[in-house]
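Undergrad:
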């Protein structure tokens with residue numbers, strides 16, 4: 001069995017190759033060519049942590065992948081990363097373990113940020129006077145790096161709860177070439193931004209319907225388990241078009257799940273990213289629409305990023 | 001992270017210590033003190049294989065466990081074991097991986113056989129003129145070893161499809177001190193035996209209602225995924241009392257699931273092993289009852305056996 005540590009994994013990571021694999025994966029998923037059992041969730045209230053376990057197999061592949069991914073939000077106070085976890089590849093011919101990728105959560109973070117880039121390609125309006133990032137953590141940083149390659153705008157608003165974290169993020173984003181405004185008022189951020197990414201594990205809505213202007217796209221990546229929500233159900237309902245990575249997962253525990261379970265999405269068509277990618281078209285029809293992409297994270301993304309690392 | 005190979009794991013394995021941990025685990029499970037998300041199943045038709053992923057956390061423990069367990073039934077022809085897999089322990093405080101147990105499926109096999117021993121303690125009739133084992137594989141062998149310590153009878157009937165496998169099993173069981181009869185006729189086996197264990201991944205019933213005499217106990221451990229069945233639904237219905245490891249799992253995909261889903265178990269009370277263990281009583285009321293134990297395998301068993309190995 002191959003065992004790779006974080007540095008060995010990052011040395012093998014190529015964003016563009018893996019983005020292509022991810023797109024193929026989303027398409028295969030929406031074409032029912034992927035076995036992807038329902039996600040397992042564990043909750044560790046005493047440690048302010050949670051864990052999800054995803055597995056997937058793309059029909060015809062020589063391997064399948066299992067991923068254990070934790071978020072332990074008190075870790076930073078101990079000098080540890082919030083994101084923890086590993087991925088494993090097994091032979092689909094014999095079941096033998098083939099590779100253990102001790103990525104410390106990086107592959108999940110990277111494939112999430114790359115899915116966000118794909119969503120931005122499909123949904124971003126033509127005119128963006130500023131981008132907005134909700135959150136200051138690892139996902140907020142990775143999104144910025146990968147959005148840079150598809151969005152030319154370098155005006156940035158960042159929302160966070162902690163002034164220290166906001167200042168650290170400002171430094172980071174300035175080093176990446178952005179002009180940065182920080183705020184603890186999400187309404188102010190939304191007033192300036194036409195492309196917003198929400199990246200927090202919040203359980204209370206941060207953005208509300210009244211905050212959002214026509215012609216805005218929001219990608220929500222924080223909700224990956226029951227009870228996590230960054231957008232109010234009314235904001236979700238206000239969206240003209242909603243892109244989901246998985247109809248089943250998003251309606252069960254994604255950002256849109258509350259609105260869906262309250263029957264507020266009757267007038268909406270939920271379109272899977274794989275269906276849009278298969279057609280090779282933009283998801284957005286005009287520059288006035290409000291679009292929303294709800295990304296819960298799919299086992300097939302883990303399958304594809306592991307394939308890209310081990311290739 | 002600690003990495004243990006199969007031999008290192010087996011060196012640390014103590015059947016009696018782990019049996020106590022398993023009993024505690026079954027009780028905690030039935031008392032809702034265990035987080036155990038629904039099992040993930042993957043199917044590899046092209047390879048005659050399947051895989052299940054289980055996870056579990058006993059409230060208050062310092063670690064949680066994830067297990068990947070495969071059955072690839074063409075492996076023996078390539079000189080590989082059918083059972084594959086590994087178990088992992090993670091910190092419930094930080095999410096960090098703590099231990100990787102490369103057990104090649106042995107811990108699953110061992111905790112299954114030990115659960116079978118617990119079921120036999122709870123259900124076996126007083127009078128056993130012969131024990132019957134359906135199957136000749138690893139589980140058939142492990143059950144024999146652990147049943148020896150709770151059942152004094154040394155008369156054995158073994159059913160298998162292959163004469164070669166039956167002869168190999170005969171040799172094995174004779175070395176363990178049994179007088180062995182082999183057969184390819186399960187009805188003949190059932191006529192002689194009051195304690196029967198079924199251990200195959202069969203998708204067609206091997207034992208039928210007419211085969212079973214009053215005063216018989218059957219432990220079924222083969223059905224751990226949709227479509228696997230060793231007993232006919234009519235035989236399941238004929239049982240006077242049914243013990244299950246998990247009400248939810250057994251009715252979904254266990255040996256009793258067909259009968260349950262066909263509405264044939266209306267008159268039956270399904271009792272969880274943990275409830276019986278908590279009361280410290282025998283499950284069997286008299287020597288004429290037909291009892292059935294349906295063991296699908298629980299994530300809490302993996303939690304407890306890993307705890308026992310790492311202690």
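Protein chains in written order, with the UniProt record's numbering: chain A, 1 to 311; chain B, 1 to 311. C-beta atoms are modelled at their ideal positions from N, C-alpha and C, and glycine is treated no differently.
What number of angstroms, rounded off, separates the C-alpha of residue 232 (chain B) from the C-alpha of residue 201 (chain B)?
TA: The alpha-carbon atoms of residue 232 (chain B) and residue 201 (chain B) are separated by roughly 14 Å.
Undergrad: Taking residue 93 (chain B) as the query, report the chain A residues whose CB atoms sit under 7 Å from its CB, ordered along the chain.
TA: Result: 47.
Undergrad: Just checking my contact of residue 130 (chain B) with residue 157 (chain B) at CB under 8 Å: how many whole Å lie between their CB atoms?
TA: That belief holds up - the Cβ atoms of residue 130 (chain B) and residue 157 (chain B) are roughly 6 Å apart, short of 8 Å.
Undergrad: Can you find a CB in chain B that lies within less than 8 Å of the CB of residue 96 (chain A)?
TA: Yes, its Cβ sits closer than 8 Å to a Cβ of chain B.
Undergrad: Label residue 20 (chain A) either buried or exposed according to how many other C-beta atoms from any shown protein chain fall within 10 Å of its C-beta, with 16 as the threshold for buried.
TA: The residue in question, residue 20 (chain A), is exposed, as its Cβ has fewer than 16 Cβ neighbours within 10 Å.
Undergrad: Compile a chain-ordered list of the residues in the stretch 54 to 70 of chain A whose CB is closer than 7 Å to at least one CB of chain B.
TA: Within the stretch 54 to 70 of chain A, the qualifying residues are 55, 57, 64, 66, 68 and 70.
Undergrad: What are the boundary residues of the beta strand (DSSP E) that includes residue 57 (chain A)?
TA: It spans 49 to 58 - the beta strand (DSSP E) in which residue 57 (chain A) sits, taken as one unbroken run.
Undergrad: On the DSSP letters alone, give me the boundaries of the beta strand (DSSP E) that residue 294 (chain B) sits inside.
TA: Counting along the chain, the beta strand (DSSP E) containing residue 294 (chain B) begins and ends at 291 to 294.
Undergrad: Round the Cβ separation of residue 25 (chain B) and residue 4 (chain B) to the nearest angstrom and send it over; I've been treating them as touching at under 8 Å.
TA: Actually they are not in contact, since the Cβ atoms of residue 25 (chain B) and residue 4 (chain B) sit about 20 Å apart, beyond 8 Å.
Undergrad: Taking the continuous alpha helix (DSSP H) assigned at residue 192 (chain A), which residues delimit it?
TA: Its alpha helix (DSSP H) spans residues 186 to 192.
Undergrad: Answer yes if the stretch 28 to 41 of chain A comes into contact with the stretch 72 to 90 of chain A, meaning at least three C-beta pairs across the two stretches below 8 Å, and no otherwise.
TA: Touching, no, given that fewer than three Cβ pairs across the two stretches are closer than 8 Å.
Undergrad: Applying the 10 Å Cβ sphere with the 16-neighbour rule, what's the burial state of residue 286 (chain B)?
TA: Exposed, because fewer than 16 other Cβ atoms sit within 10 Å of the Cβ of residue 286 (chain B).
Undergrad: Provide the residue(s) that pair with residue 67 (chain B) in DSSP beta bridges, ordered along the chain.
TA: Bridge partners of residue 67 (chain B): B:54 and B:87.
Undergrad: At a CB-CB cut-off below 8 Å, which residues of chain B make contact with residue 268 (chain A)?
TA: Near residue 268 (chain A) there are no residues of chain B at all, since even the closest Cβ is about 28 Å away, more than 8 Å.
Undergrad: Chain B beta carbons: is any one of them nearer than 8 Å to that of residue 37 (chain A)?
TA: With 8 Å as the cut-off, residue 37 (chain A) counts as an interface residue toward chain B.
Undergrad: Quick one: which residues of the stretch 136 to 157 of chain B get their C-beta closer than 9 Å to a C-beta of chain A? List them in chain order.
TA: Result list empty, no residue passes.
Undergrad: Using 8 Å as the threshold, is the C-beta distance between residue 116 (chain A) and residue 295 (chain A) below it?
TA: Yes, Cβ-Cβ distance for residue 116 (chain A) and residue 295 (chain A) is below 8 Å.
Undergrad: Under 8 Å by Cβ, that's how I've got residue 1 (chain B) and residue 98 (chain B) pegged, so tell me the actual separation to the nearest angstrom.
TA: About 6 Å; that satisfies the 8 Å criterion.
Undergrad: Near residue 307 (chain A), which residues of its chain fall below 7 Å by C-beta distance, leaving aside the five closest residues on each side in sequence?
TA: Excluding sequence neighbours, residue 307 (chain A) sits near 21.
Undergrad: Using the beta-carbon count (16 or more within 10 Å), is residue 127 (chain B) buried or exposed?
TA: With fewer than 16 other Cβ atoms within 10 Å, it is exposed.
Undergrad: Residue 75 (chain A) versus chain B: which residues are under 8 Å apart at the beta carbon?
TA: Per Cβ cutoff of 8 Å: 94 and 95.
Undergrad: Whose Cβ in chain A lies nearer than 9 Å to the Cβ of residue 43 (chain B)?
TA: What residue 43 (chain B) touches in chain A: 35 and 57.
Undergrad: Using DSSP with H/G/I as helix, E/B as strand and the rest coil, what is residue 39 (chain B)?
TA: Coil at residue 39 (chain B), not helix or strand.
Undergrad: Which value, in whole angstroms, describes the spacing of the CA atoms of residue 149 (chain A) and residue 111 (chain B)?
TA: Going by the C-alpha atoms only, they are around 51 Å apart.
Undergrad: Output needed for residue 86 (chain A): all residues of its chain with C-beta closer than 7 Å, excluding positions within five of it in sequence on either side, in chain order.
TA: Only 68, 100, 101, 102 and 103 meet the Cβ criterion.
Undergrad: Using 8 Å as the threshold, is the stretch 239 to 250 of chain A in touch with the stretch 268 to 287 of chain A, meaning 3 or more CB pairs across them?
TA: Yes: at least three Cβ pairs fall under 8 Å.
Undergrad: Can we say the stretch 273 to 289 of chain B touches the stretch 201 to 216 of chain B, given the rule of at least three CB pairs closer than 8 Å?
TA: Short answer: they touch.
Undergrad: For chain A, check one thing: does any of its Cβ atoms lie closer than 8 Å to the Cβ of residue 273 (chain B)?
TA: No, no contact with chain A.
Undergrad: What's the call for residue 293 (chain B), buried or exposed, on a 16-neighbour Cβ count within 10 Å?
TA: Answer is buried; the Cβ neighbour count reaches 16.
Undergrad: Give a yes or no on whether the minimum CB-CB distance between residue 72 (chain A) and chain B is below 8 Å.
TA: Yes, residue 72 (chain A) lies at the interface with chain B (some Cβ there is under 8 Å from its Cβ).
Undergrad: Mark residue 203 (chain A) as exposed unless 16 or more other C-beta atoms lie within 10 angstroms of its C-beta, in which case mark it buried.
TA: Under this definition residue 203 (chain A) is an exposed residue.
Undergrad: How many Å lie between residue 236 (chain A) and residue 12 (chain B) at the Cα?
TA: In a straight line, the C-alpha of residue 236 (chain A) is about 54 Å away from that of residue 12 (chain B).
Undergrad: Just mark residue 162 (chain A) as buried or exposed, buried being the case when its beta carbon has 16 or more other beta carbons within 10 Å.
TA: By the neighbour-count rule (16 or more Cβ atoms within 10 Å), residue 162 (chain A) is not buried but exposed.
Undergrad: Would you tell me roughly how many angstroms separate the C-alpha atoms of residue 278 (chain B) and residue 250 (chain A), rounded to the nearest one?
TA: Spanning the two alpha carbons is a distance of roughly 40 Å.
Undergrad: Taking only three categories from DSSP, how would you classify residue 1 (chain A)?
TA: Coil, per DSSP.
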